[in-house]
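Data block below; observations after.
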Amino acid sequence: MEGGPNIQETEDSSSSSSEEPHPGCVYSCCNPRGTLHRFVALIFMCFLGFGSYFCYDNPAALEDHIKKDLNLDTTHYAMLYSMYSWPNVVLCFVGGFLIDRVFGIRLGTSLYMGLTLLGQVLFAGGVLFDHFWVMCAGRFVFGIGAESLAVAQNNYAVLWFKGKELNMVFGLQLSFARVGSTVNFLVMESVYEWVNKQYKGPEGLGIVLFLATTTCLLSMLCALVLGIMDKRAERILRRQETESGEVARLRDVLDFKATFWLITVVCVAYYVAIFPFIGLGKGFFTTKFHMTNQEANNINSLVYLISGIASPVLGLVIDKVGKNISWIILAISATICSHSLLAFTTVTPYVAMVSMGLAYACLASSLWPLVSLIIPEYQLGTAYGVCQAVQNLGLAVFTIVAGDIVEKYGYTWLEIFFLSSLTVALVATFVLWFTDTWQRGMLNMTPGSRLLHQEALRSAEEEENQKLLAAEAGTSNDGFQPSSDFEIRNRYLSRIGAPLPDHYCIQKKGLTYLR
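Those letters in the sequence shown? Residues 2 to 516, by this note's numbering.
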């Protein structure tokens, strides 16, 4: 597999471990090779993003109170989401690269979770003292930490579960994250009313947000525990002995395949129709369907609630069935139908929101694992960072655009805008399908077909290696040293037309074998 082996299935580390396997529940729970141990780690991976997702939509759950208590219009309110996204246009990509090259996954995760916690504290403090610039600064710092934390979370998932239940794991992580968002919508209105009995205005609102900050403390604890578990797994499995020795470089991004960039386009175009809609959804439901604040919060949270329940189930199904691109097409089509129902009919919005929740779960479970089928493992942090960065560029721009559309033209035109974005996502998905098929890729294969495809590639590479070794042996009398395995592999990849970064050029005594 192009992304490299799963840490749990590396034969070298298995045979050389200092701890011999012992069958039974204790081994399964305590040894990194045990299935139960991996799923214990998964619990901490899931709660790692709980706090950031709970606090991300605090403004949406308290939209009316924020506007009233702080005297903000819709455009300024939308800036709270835009300020979250703007720094990650660049810094999220840098954050992923720093995980690959500088910090490593454990230190990087703890640092990014610390920034998430700091940002939420600043945001709550800005509300408490009614300083809008402090609120924006808090959301800015919160965004830097939370989005880079999502990159680290994806890396952990691939590191522990690649080649096994990866689609299910991505779905389960999404599930727990959306549980955090759902709980936010369900409880924040009640918490505000309870606090508002004694504290009014910005003071009461600030106290409510400080109470929400406790969820980030929970996630910080999970980051530390997960780091300890991963450090132990690295020691026992001796992962460093099986690493390729290749290191990530910033300019490697220029060599990412076209299919990766198409996945990024799909990601941006789809999420533009989800997150800004939820951010402005409370006003939409109170205006068009004449709901109370709590009713609007409840229905607005359905996308997160349904996706939270459905994501692990759909992820498990996709693990068994494969055909990821087909699932993505189905998800985008269902989301188009959902927004059409909300925009042009008076059918109860519960139908559209349940459908949108299922579609969102389907897309997330099938889209994000595709990156690990395209990008080598040592570049995954950078790759996921690029995805998050481009996604945040879209969200930063289009959240402001969405707020402006509501102010000037109303919610019907907002829905038309979302439908246009989803159409772009659907077209990009079909292009992805055709491109992958033309390149004889495996993104839309079944699991069995992917396995056969990978075996064929490995067999062809081994055969080519033998030919190159024989050729090197025949020219050894010319004064040249035999090529290393790394050089042979790169020469083989060059012969079959695979793209290689410029720094992979191999030179020996004035002769350039590649490029």
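Here a beta-carbon is modelled for each residue, glycine too, at the ideal position from N, C-alpha and C.
- With respect to Q455, Y272 sits apart: the two C-beta atoms are not nearer than 7 Å.
- Between V142 and L116, the C-beta spacing is below 7 Å.
- The DSSP-derived three-state label of N294 is helix.
- In the DSSP assignment, G109 falls within the unbroken alpha helix (DSSP H) covering 105-129.
- A residue is called buried once 16 or more other Cβ atoms fall within 10 Å of its Cβ, and F345, having fewer, is exposed.
- The count of Cβ pairs closer than 8 Å, one atom from the segment 78-90 and one from the segment 131-147, reaches three, so the stretches are in contact.
- Around the beta carbon of G205, a 10 Å sphere encloses 16 or more other beta carbons of the protein chains shown; the residue is thus reported as buried.
- In the three-state reduction of the DSSP assignment, L63 falls in the coil class, being assigned neither a helical nor a strand state.
- Look at the beta carbons and you see the segment 278-298 touching the segment 399-412: at least three pairs across the two are nearer than 8 Å.
- Between the C-alpha atoms of S182 and S450 there is a straight-line separation of about 37 Å.
- Separation of Q121 and G139 (C-alpha to C-alpha, rounded to the nearest whole angstrom) is 6 Å.
- With a beta-carbon spacing of about 6 Å, L227 and L49 fall inside the 8 Å limit used to define contacts.
- The C-alpha of I375 is placed about 8 Å away from the C-alpha of K258.
- Taken through DSSP and simplified to helix, strand or coil, K232 comes out as helix.
- Nearest Cα to M443 within the set T110, F261, E416: F261.
- Looking at the backbone, the Cα of E463 and that of A158 are separated by about 29 Å.
- In the DSSP annotation of this structure, the continuous segment of the alpha helix (DSSP H) that includes I145 starts and ends at 133-162.
- Distance check between L315 and each of S366, L63, I67, V432 places S366 closest, using alpha-carbon atoms only.
- Here L368 is not near N156, since their CB atoms are 7 Å or more apart.
- With contacts defined as CB atoms closer than 7 Å, M357 and I300 fail to qualify as a contacting pair.
- Cα atoms of P203 and E416: separation of roughly 32 Å, rounded to the nearest angstrom.
- With respect to the 7 Å criterion, L218 and L433 are not classified as neighbours on the basis of their beta carbons.
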